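Trainee: Chains as they are written, first to last, in the numbering used here: chain A, 10 to 430; chain B, 10 to 430.
Glycine included, C-beta positions come from ideal geometry on N, C-alpha and C.
Just so we're clear, the structure is a prediction, and the values are computed from it rather than from any experiment.
Protein chains: 2
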Amino acid sequence: MTTNRPHVVVVGAGFGGLSCVRSLAKVDVDITLIDRHNYHLFQPLLYQVATAGLSPAEIAWPIRRLVRNQANVSVRLDCVVDVDVSRKQVQLQSGEPLAYDCLVLATGARHAYFGNDQWAEYAPGLKSVDDATMIRRRILLAFEQAEMAPTDAQPRWLTVVVVGAGPTGVELAGTIAELAHKTLARDFRKIDPRSTRIVLVEAGDRVLSAMPPDLSAKALKSLQKLGVEVRLGTPITACDAEGVMIGEERLPAATVLWAAGVAASPAGQWLGAECDRVGRVQVAPDFSVPQCDGVFTIGDTAALSIDGEPLPGIAPAAKQAGAYVGRAIAASLAGKDLAPFKYRDSGNLATIGRRSAVIDFGRIKLSGWLAWWGWGIAHIYFLIGTKSRLLVALQWFWSYITFDRGARLITGRQSRSSTES
Amino acid sequence: MTTNRPHVVVVGAGFGGLSCVRSLAKVDVDITLIDRHNYHLFQPLLYQVATAGLSPAEIAWPIRRLVRNQANVSVRLDCVVDVDVSRKQVQLQSGEPLAYDCLVLATGARHAYFGNDQWAEYAPGLKSVDDATMIRRRILLAFEQAEMAPTDAQPRWLTVVVVGAGPTGVELAGTIAELAHKTLARDFRKIDPRSTRIVLVEAGDRVLSAMPPDLSAKALKSLQKLGVEVRLGTPITACDAEGVMIGEERLPAATVLWAAGVAASPAGQWLGAECDRVGRVQVAPDFSVPQCDGVFTIGDTAALSIDGEPLPGIAPAAKQAGAYVGRAIAASLAGKDLAPFKYRDSGNLATIGRRSAVIDFGRIKLSGWLAWWGWGIAHIYFLIGTKSRLLVALQWFWSYITFDRGARLITGRQSRSSTES
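(1) Helix, strand or coil, according to DSSP, for ASP139 (chain B) in the structure here?
(2) If distances are taken between C-alpha atoms only, which option among B:ALA311, B:TYR48, B:ARG259, B:LEU54 comes closest to ARG74 (chain B)?
(3) Quick check on ALA503 (chain A): buried or exposed, where buried means 16 or more other Cβ atoms within 10 Å of its Cβ?
(4) Of the choices B:ILE200, B:GLN233, B:ALA118, B:LEU188, whose alpha-carbon is the least far from that of TRP157 (chain B)?
(5) Could you tell me the distance, in whole angstroms, from the CA atom of CYS248 (chain A) to the CA atom of TRP405 (chain B)?
(6) How close, in whole Å, do the beta carbons of VAL210 (chain B) and ARG240 (chain B) come, if the pair is a contact with beta carbons under 8 Å?
(7) Could you give the DSSP three-state label for ALA332 (chain A): helix, strand or coil?
(8) Would DSSP call HIS120 (chain A) helix, strand or coil?
(9) Output the distance between the C-alpha atoms of THR310 (chain B) and ALA118 (chain B), rounded to the nearest integer angstrom.
(10) Looking only at C-alpha atoms, which of A:VAL253, A:PRO244, A:MET254, A:GLY178 sits nearest to LEU232 (chain A)?
(11) At a Cβ cut of 7 Å, what residues of the region 145 to 173 of chain A count as close to chain B, listed as they run along the chain?
(12) So the candidates are B:LEU54, B:ASP37, B:VAL253, B:VAL216; which of them puts its Cα closest to the Cα of GLU130 (chain B)?
(13) Is the beta carbon of LEU107 (chain A) sitting closer than 8 Å to the one on VAL92 (chain A)?
(14) What number of angstroms, rounded off, separates the C-alpha of VAL89 (chain B) from the C-alpha of ILE43 (chain B)?
(15) Listing by chain order, which chain B residues have their CB less than 8 Å from the CB of TYR48 (chain A)?
(16) For VAL104 (chain A), which of A:GLY344, A:ILE72, A:LYS227, A:ARG85 has the nearest alpha-carbon?
(17) Got a sec? Which residues, its chain only, sit under 7 Å from ILE389 (chain A) by beta carbon, not counting five neighbours each side?
(18) Span of the alpha helix (DSSP H) holding LYS230 (chain A)?
(19) Might you give, ordered along the chain, the residues of its own chain that have their beta carbon closer than 6 Å to the beta carbon of ALA4 (chain B), omitting 5 neighbours on each side?
(20) Could you pull the start and end residues of the alpha helix (DSSP H) that HIS388 (chain B) belongs to?
(21) Cβ of ALA312 (chain A) within 8 Å of Cβ of VAL292 (chain A)?
(22) Is it true that the CB of VAL138 (chain A) sits closer than 8 Å to the CB of ALA69 (chain A)?
(23) Starting from the C-beta of THR436 (chain B), find all residues in its chain whose C-beta is less than 6 Å away, skip the five residues before and the five after it, and write them out in chain order.
(24) Can you check whether the CB of ALA66 (chain A) is closer than 8 Å to the CB of LEU418 (chain B)?
(25) Which chain E residues sit within Cβ distance under 7 Å of LEU400 (chain A)?
(26) Can you look up CYS29 (chain A) in the DSSP assignment and give me helix, strand or coil?
(27) Using a beta-carbon distance below 8 Å, is LEU86 (chain A) in contact with chain B?
(28) Hey, would you say PRO244 (chain B) sits closer than 8 Å to ALA212 (chain B), going by beta carbons?
(29) By DSSP's criteria, ALA273 (chain A) is part of a beta bridge. Which residues make up the other side?
(30) What are the residues that DSSP puts in a beta bridge with TYR131 (chain A)?
(31) Start and end of the alpha helix (DSSP H) containing SER397 (chain A)?
(32) Compare the C-beta of VAL138 (chain A) with all C-beta atoms of chain B and state if any pair is closer than 8 Å.
(33) In terms of residues, what are the limits of the alpha helix (DSSP H) holding PRO176 (chain A)?
(34) Tell me the start and end of each unbroken alpha helix (DSSP H) in the region 32 to 80 of chain B that is at least 4 residues and wholly inside, in chain order.
(35) Listed from N- to C-terminal order along the chain, which residues in the region 42 to 68 of chain B have their beta-carbon within a distance smaller than 9 Å of any beta-carbon of chain A?
(36) So, at 7 Å on beta carbons, what are the nonlocal neighbours of GLN163 (chain A) in its own chain, with the 5 sequence-adjacent residues on each side left out?
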């Protein structure tokens, strides 16, 4: 930078990074916000892109647009590949190093196959817009293949396996069940999409294990009502082009989706910092990284326990952490102290299909259609900008009354070849 | 097919093919509709996807959804690779041959580089959804590259060349000018997007040569008002990774878009039929192909003159031809005669940016803002379904009052690497 103001480098324009940048709006610093995508993504609704309900642009906004009125921010489309903590420099994929006074790493998480990286090809996970359109293509192409296949090959094409029954897995399975059993019901001539098997496989003993057991039980019942087969306590033991092994049982399946595990971004490796089991950096109570001067880590790539409770890996926690770190940087520049971080628990929620959801506000627990409305209103509220809210509300209203889904497009590199498997 | 009803195979679910299928709704035939995409595309608005104004799903609808209530139609996602006229069979990419009694080829056109196919890599054309998202990525990435580039390299990144001043070229150039000069104006820190040069190159002596000269002159004026540099009477003589040669002049440009030429699909080659200069099949006045029993060709892949006037390559002409061929097939099955095809000229129109358009209705000619409103209303009217109309109207209304564009996403295979050129 050409000024004498302190240079704050924020890596990652997710919920945490963006919130940190915004809380520094009136502070006399120069900020560089780096992301490898040009958009901020509303990840909680990404599964709706993967299942053809929404278009990517309805849940993603250009980062430049979001910070264009904040004069102290420069946006950079680039990838961080390393950090030199002693020289206080970030190494970028595009070449030259970038010096920082403060560094905030909000680089999130990616999916993890726990030693079975060869499964990634057959069981894609859902993290980016490109993941979502690729999964959408696979799901829709499987029905096309089934329609053309000989009768004995149809069941494999009409079997979808979702691995992992956390919020993403539950939401994917429920929505795919509705897509197959309702939206597509009358669209084919040889196959009956209502015969599609959707199998949700979970190694643990209940769905939505972060929720209280009674809400898990309600979610399970909602899933079963939608026609999802839920297999609890059974891990996937193999995954290949033909399908999966669930424990000892072979299940032929053309579509396998991975929602089982996440690992933190490589931020911990860049820093040489102490990490937990899934690679999250062990941070101090103010999100600073011990032994790394001026470095903070927030969101899914940081591990912090408050009063013995680990901070959850959800959007509100990342936002609060980002805002706190912004204030912490401002306070330290002003030579002031800042009160310790306190997490305000705003609840935990997941949706199952188009009529049911579960919400855990701590003292208040909701399930069923009332929870679904709460979920829908909360998500529309947190979208950015009036236009996105209108567009998403319109799409949802339409799907709700017609069961139609707006974005059933097979696009992308392989879309022309219908013979791929 | 397993029935004894005549089998009509329709290839291509564009305006012509779909209209043919629909006109056979109440006829006692079995129809197979084959397309290599799973969607019908409203091609006249594709340039708005390429310029980040609309999402693909707003102008594309699943073919299965569109014909699901027409019981005599089966949809097949596949590619035709050849036709055996003597055996009356279509050869599909997926393998087995498909027998037909009647065959309707509505396979459209692709872009043509007239002997310079090596230009395709540097100057992509706009025909499919994947073309549009790829062009969107290239346009948006060029600004990101400019922001990171040394000062002397910026002008090349900030130069866009559009080759060909037909409707697509004019609409692209006008919209890119608005994107650069208005939408992105305040989103960067080092570059000024308002300095972007948009150069529209045309070998002929006026823009929109299918329009009357006075409307061409008005369109030219509108383009210049938007800041587009229009070069008439100068062909592109070279095109490579650095830019283009316009006549003898070298113009460094990072983004080159091809809207200069189209060639018909290979339908004429499959049939061994007589074709015109750009590969369109010379059809009889009822769109049947001479010497090919039961074969019809319509839309951009057919050449027909009526009273000395060639049928134009636009959506209304393709729709009318499709509907006529459907009636012709029904009439021949019933042993009846059909009156000759008559083309109802519904006018010719093109838009330039967000406030100007030209419309030629023959006797009535419109230009300026009134034409723009006429254009907008006509296009929303012809979209399929109430929801698409609402979504597109909302997007346009929003862009109109804010200059914002809704779908500024860099997605696709190369989106992670910001160092690609």
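Mentor: Reading off the structure:
(1) Along the second sequence, one-based indexing puts residue 139 (chain B) at 130. In the three-state DSSP reduction, ASP139 (chain B) falls in the helix class (H, G or I).
(2) If you number the second sequence from 1, residue 74 (chain B) lands on position 65. The shortest C-alpha separation from ARG74 (chain B) is found at B:TYR48.
(3) Residue 503 (chain A) is absent from the model: chain A starts at 10 and stops at 430.
(4) Indexing the second sequence from 1 puts residue 157 (chain B) at position 148. Looking at the sequence shown, residue 157 (chain B) is not Trp but Met. It is B:ILE200.
(5) Against the first sequence, residue 248 (chain A) aligns to sequence position 239. Against the second sequence, residue 405 (chain B) aligns to sequence position 396. C-alpha separation (whole angstroms): 46 Å.
(6) Here residue 210 (chain B) is taken as the residue at index 201 of the second sequence, counted from 1. Here residue 240 (chain B) is taken as the residue at index 231 of the second sequence, counted from 1. Contact holds; Cβ gap of about 5 Å.
(7) Numbered from its first residue, the first sequence carries residue 332 (chain A) at position 323. The answer is helix: DSSP assigns ALA332 (chain A) an H, G or I state.
(8) As a first step, residue 120 (chain A) must be located in the first sequence, where it is residue number 111. HIS120 (chain A): strand per DSSP, three-state reduction.
(9) Here residue 310 (chain B) corresponds to residue number 301 of the second sequence, with the count starting at 1. Here residue 118 (chain B) corresponds to residue number 109 of the second sequence, with the count starting at 1. THR310 (chain B) and ALA118 (chain B): Cα-Cα distance of roughly 6 Å.
(10) Position 223 of the first sequence, counting from 1, holds the residue named residue 232 (chain A). When only C-alpha atoms are compared, the closest one is A:GLY178.
(11) Correct list: LEU149, GLU153, MET157.
(12) Walking along the second sequence from the start, residue 130 (chain B) turns up at place 121. Looking only at B:LEU54, B:ASP37, B:VAL253, B:VAL216, the smallest Cα-Cα distance to GLU130 (chain B) is reached by B:VAL253.
(13) Taking the first residue of the first sequence as 1, we reach residue 107 (chain A) at position 98. Taking the first residue of the first sequence as 1, we reach residue 92 (chain A) at position 83. No; because the gap between Cβ atoms is not below 8 Å, this pair is not in contact.
(14) The sequence position of residue 89 (chain B) within the second sequence is 80, counting from 1. The sequence position of residue 43 (chain B) within the second sequence is 34, counting from 1. Spanning the two alpha carbons is a distance of roughly 8 Å.
(15) Locating residue 48 (chain A) in the first sequence gives position 39, where the first residue counts as 1. Contact of TYR48 (chain A) with chain B by beta-carbon distance below 8 Å involves ARG417, LEU418, ILE419.
(16) Position 95 of the first sequence holds residue 104 (chain A). It is worth fixing the name first, because residue 104 (chain A) is Gly in this sequence and not Val. It is A:ARG85.
(17) Within the first sequence, the letter at position 380 stands for residue 389 (chain A). Once the five neighbours on either side are set aside, the close Cβ partners of ILE389 (chain A) are ARG398, VAL401, ALA402.
(18) Here residue 230 (chain A) refers to the residue found at position 221 of the first sequence. Run containing LYS230 (chain A): 222 to 234, per the alpha helix (DSSP H) assignment.
(19) Absent from the structure is residue 4 (chain B), since the part of chain B shown begins at 10 and ends at 430.
(20) Here the question's residue 388 (chain B) lines up with position 379 in the second sequence. HIS388 (chain B) -> alpha helix (DSSP H) spans 378 to 391.
(21) Taking the first sequence and counting its residues from 1, one reaches residue 312 (chain A) at position 303. Taking the first sequence and counting its residues from 1, one reaches residue 292 (chain A) at position 283. Yes. Within cutoff.
(22) Numbered from its first residue, the first sequence carries residue 69 (chain A) at position 60. Numbered from its first residue, the first sequence carries residue 138 (chain A) at position 129. Taking a C-beta distance under 8 Å as the contact criterion, ALA69 (chain A) and VAL138 (chain A) qualify as a contact pair.
(23) Here chain B comprises residues numbered 10 to 430, so residue 436 (chain B) is not present and cannot be evaluated.
(24) For this step, residue 418 (chain B) is matched to residue 409 along the second sequence. For this step, residue 66 (chain A) is matched to residue 57 along the first sequence. Taking 8 Å as the cut-off, the beta carbon of LEU418 (chain B) is found closer than this to the beta carbon of ALA66 (chain A).
(25) Given the protein chain composition of this structure (A and B), no chain E is represented.
(26) Numbered from its first residue, the first sequence carries residue 29 (chain A) at position 20. Of the three classes helix, strand and coil, the one that applies to CYS29 (chain A) here is helix, per DSSP.
(27) For this step, residue 86 (chain A) is matched to residue 77 along the first sequence. It does: the Cβ of LEU86 (chain A) has a partner Cβ on chain B nearer than 8 Å.
(28) Here residue 244 (chain B) is taken as the residue at index 235 of the second sequence, counted from 1. Here residue 212 (chain B) is taken as the residue at index 203 of the second sequence, counted from 1. In this structure, PRO244 (chain B) sits near ALA212 (chain B), with a CB-CB distance shorter than 8 Å.
(29) Stepping through the first sequence from its first residue, residue 273 (chain A) is reached at position 264. According to DSSP, which records beta bridges pairwise, ALA273 (chain A) is partnered with A:ALA118.
(30) To locate residue 131 (chain A), count along the first sequence from 1; it is residue 122. Paired residues: none, contrary to the question.
(31) Locating residue 397 (chain A) in the first sequence gives position 388, where the first residue counts as 1. Where SER397 (chain A) is concerned, the enclosing alpha helix (DSSP H) stretches over 395 to 411.
(32) Residue numbering aside, residue 138 (chain A) sits at position 129 when the first sequence is read from its first letter. So yes, VAL138 (chain A) belongs to the interface.
(33) If you number the first sequence from 1, residue 176 (chain A) lands on position 167. Judged by DSSP secondary structure, PRO176 (chain A) falls within the alpha helix (DSSP H) whose first and last residues are 176 to 187.
(34) The region 32 to 80 of chain B contains these whole alpha helix (DSSP H) runs: 55 to 59, 72 to 75.
(35) Hits within the stretch, in order: ARG45, HIS46, ASN47, TYR48, ALA61, LEU63, SER64, PRO65, ALA66, GLU67.
(36) Along the first sequence, read from residue 1 onward, the residue named residue 163 (chain A) stands at position 154. Here the set comprises ALA155, ILE200.
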